[in-house]
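Chemist: Just passing along the structure, written as structure tokens.
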Amino acid sequence: MLAVYAYAPATLAGLAAGFGMLLLLFWNSAPLAVLLPWAALFIGLWGVRIWLAQAFRATLRREGINDWNVWRLRWNILTIASAGAWGLSGWLFYTRGLGIQQTGLILVIYTFCIAAVPVLANQPRMFLAYVAICFGPLVARIATGGEAHSLRLAGMLVIIITLTTVLARNYRQALQRVIELKLRADGLLEELRIEKQAAEAARYEAEVANRAKTQFFTAASHDLRQPLHAMGLFAEALRQRTHEPEVANLVNSINASVDALEGLFSELLDITRIDAGGVEVRPQHFELDDILRKLRLHFEPTAFEKGPALVLRGGQRVVHADPLLVERILRNPVSNAIRYTNDGGVLVGARQRGDTVLVQVWDSGLGIREEEQAKVFEEFYRCPIRRRWRRTSARASGSGWRSSNARPT
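Residue numbers for the sequence shown follow full-length UniProt numbering, beginning at 1 and rising by one.
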């Protein structure tokens, strides 16, 4: 209904233009006794429609429209009255003009029938009534004119007006499809908005949980480092107080366990820094040999004691990256390769691949099943220990967070 009143300025301008054209066409051929009452009727209808449009806008702006049906009925009554005025024009003036005047009369009246399509298409009965009242008297006047071509012309006008009603029906169906699509799109947008809100709420909850986990890990690692450091001091004091071999071996085992735990807590702090976005990347140009040399110094004693040969190749290549992060990433696969390889060797190699350098760790050890390979990067995931490793699982199995630390790094 709001759209109907939105057409009011164009409708009123069209009425004024049509009224002016008919007045000019029949000013000299129609008697004033017919022309003046007809003009008064048109001017009166025009004034009432202007008043109705202004009253609608004032009510809408002041208090809103509560009863749309009342305003629709008022508009429809004046529309039918206007159709009656055009129908009266056809009945009164057709026989009082010549060919050019008759043609102009037909075109003006039919133009208003066409103009009613976008305004009244959503009210099919109203549209049919408007067309019948507006065009029917003209067709009847032509058909009863008594000329040879009168019936043929009337028949042609009936066909034209029938096609116009078909056009209005198609327009109405297209308009309904557009409205349905808009309603569907609005529904999808509302669903998307709700899903977005749910996703944002879930993301916020995940961030809160992640921050809580990070705070817990930070506090736990900090609090547990102090007793570990004290254990190391006590073990060293015990070493200095006794020289018995068994006690010395026990002290060495304690120190090794303390060092291992401190290493795990260091990695735990790395995870918390990564989760909190506290790891700053500082890329620079450097030779891989610097990192491979550190890996050799750190892992070669362990490899020599355990059995596999540790071989490092390709250190002469220069890369652009953060050396600390690259070393941190490589430490995990090298450590696992040595840990799970009893015979053979471990190879750390760098190869040129186009503009990049591919660093790989190869070993002849136990390996990881294909279905387990993607899971090793999940936090605290531990691959199942194979049968021949179960006897040493307490020593060989990991904590499950080193690989998850390597991937985001």
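Where a beta carbon is used, it is the ideal one built from N, C-alpha and C, also for glycine.
Given Gly104, which residues of its chain have a CB within under 6 Å of its CB, disregarding the five upstream and five downstream residues?
Modeler: So the list reads Leu25, once near-sequence residues are dropped.
Chemist: Kindly say whether Ala235, judged by its beta-carbon, lies nearer than 7 Å to any beta-carbon of chain B.
Modeler: Considering every chain present, this structure includes no chain B. It has just one protein chain.
Chemist: With distances taken between CB atoms, is the gap from Pro323 to Phe286 smaller than 7 Å?
Modeler: Yes, these two residues count as a Cβ contact at 7 Å.
Chemist: Work out the CA separation of Tyr7 and Val158 for me, nearest whole Å.
Modeler: Spanning the two alpha carbons is a distance of roughly 27 Å.
Chemist: Taking 7 Å as the threshold (C-beta atoms), are Pro137 and Trp91 in contact?
Modeler: Result yes, Cβ atoms of Trp91 and Pro137 sit closer than 7 Å.
Chemist: Give the list of continuous beta strand (DSSP E) stretches no shorter than 3 residues that lie fully inside the region 235-262.
Modeler: The qualifying runs do not exist here; there are none.
Chemist: Quick one: give me the first and last residue of the beta strand (DSSP E) that Leu347 is part of.
Modeler: Per DSSP, Leu347 belongs to the beta strand (DSSP E) from 345-353.
Chemist: Do Leu238 and Val251 have their C-beta atoms closer together than 7 Å?
Modeler: Contact: yes.
Chemist: Have a look at the DSSP bridge pairing and note the partners of Trp362.
Modeler: DSSP output for Trp362 lists Leu347 as bridge partner(s).
Chemist: Would you kindly work out how many angstroms separate the C-alpha atoms of Lys182 and Tyr171, rounded to a whole number?
Modeler: Cα to Cα, the separation comes out at about 16 Å.
Chemist: By the three-class DSSP mapping on this structure, what secondary structure does His149 have?
Modeler: Coil, per DSSP.
Chemist: Does the Cβ of Pro31 have 16 or more other Cβ atoms within 10 Å, making it buried, or fewer, making it exposed?
Modeler: Per the 10 Å Cβ criterion, exposed.
Chemist: Helix, strand or coil for Glu280, going by three-state DSSP, please let me know.
Modeler: Correct three-state label for Glu280: coil.
Chemist: For Leu52 versus Ala85, is the C-beta spacing smaller than 7 Å?
Modeler: No, these two residues do not count as a Cβ contact at 7 Å.
Chemist: Locate the beta strand (DSSP E) running through Arg317, then write down its first and last residues.
Modeler: Counting along the chain, Arg317 falls outside any beta strand (DSSP E), and DSSP gives it neither H nor E.
Chemist: Report yes if the CB atom of Ala337 is closer than 7 Å to the CB atom of Asp363, and no otherwise.
Modeler: Going by C-beta atoms, Ala337 is nearer than 7 Å to Asp363.
Chemist: Where does Phe26 fall in DSSP's three states?
Modeler: Coil at Phe26, not helix or strand.
Chemist: Using 7 Å as the threshold, is the C-beta distance between Phe42 and Phe19 below it?
Modeler: Going by C-beta atoms, Phe42 is nearer than 7 Å to Phe19.
Chemist: Of all the options Leu88, Trp27, Pro283, which has the alpha carbon lying nearest to the alpha carbon of Val98?
Modeler: It should be pointed out that residue 98 corresponds to Leu in this sequence rather than to Val. Of the candidates Leu88, Trp27, Pro283, the one whose C-alpha sits nearest the C-alpha of Leu98 is Trp27.
Chemist: If contacts are defined as beta-carbon pairs under 8 Å, then Val348 and Val334 qualify, I think. What distance do you get, rounded to the angstrom?
Modeler: That belief holds up - the Cβ atoms of Val348 and Val334 are roughly 6 Å apart, short of 8 Å.
Chemist: Within its chain, find whatever has a CB closer than 6 Å to the CB of Leu15; leave out the 5 residues flanking it on each side and keep chain order.
Modeler: So the list reads Trp46, once near-sequence residues are dropped.
Chemist: Would you decide whether Thr11 is buried or exposed? Buried here means 16 or more other CB atoms lie within 10 Å of its CB.
Modeler: Buried.
Chemist: What are the boundary residues of the alpha helix (DSSP H) that Leu330 is part of?
Modeler: Run containing Leu330: 323-339, per the alpha helix (DSSP H) assignment.
Chemist: What is the rounded straight-line gap between the Cα of Pro283 and the Cα of Val326?
Modeler: Going by the C-alpha atoms only, they are around 10 Å apart.
Chemist: For Tyr110 versus Leu120, is the C-beta distance shorter than 7 Å?
Modeler: No, they are not a contact pair.
Chemist: Quick check on the burial criterion: 16 or more other C-beta atoms within 10 angstroms. Buried or exposed for Arg141?
Modeler: Under this definition Arg141 is a buried residue.
Chemist: Leaving aside the five residues before and after Leu35 along the sequence, list all residues of the same chain whose C-beta is less than 8 Å from its C-beta, in chain order.
Modeler: Closer than 8 Å at the Cβ level, and outside the excluded window around Leu35, lie Leu23, Phe26, Trp27.
Chemist: DSSP state of Glu63, grouped into three classes?
Modeler: Three-state DSSP puts Glu63 in coil, outside helix and strand.
Chemist: In the structure shown, what three-state DSSP assignment does Ala309 receive?
Modeler: Ala309: strand per DSSP, three-state reduction.
Chemist: So, helix, strand or coil for Thr356, using DSSP?
Modeler: In this structure, Thr356 counts as strand in the three-state DSSP scheme.
Chemist: I need the straight-line Cα distance from Glu372 to Arg293, nearest angstrom please.
Modeler: Going from the Cα of Glu372 to the Cα of Arg293 covers about 31 Å.
Chemist: Just reading off the alpha helix (DSSP H) that Pro118 is part of, what are its end residues?
Modeler: Residues 99-120.
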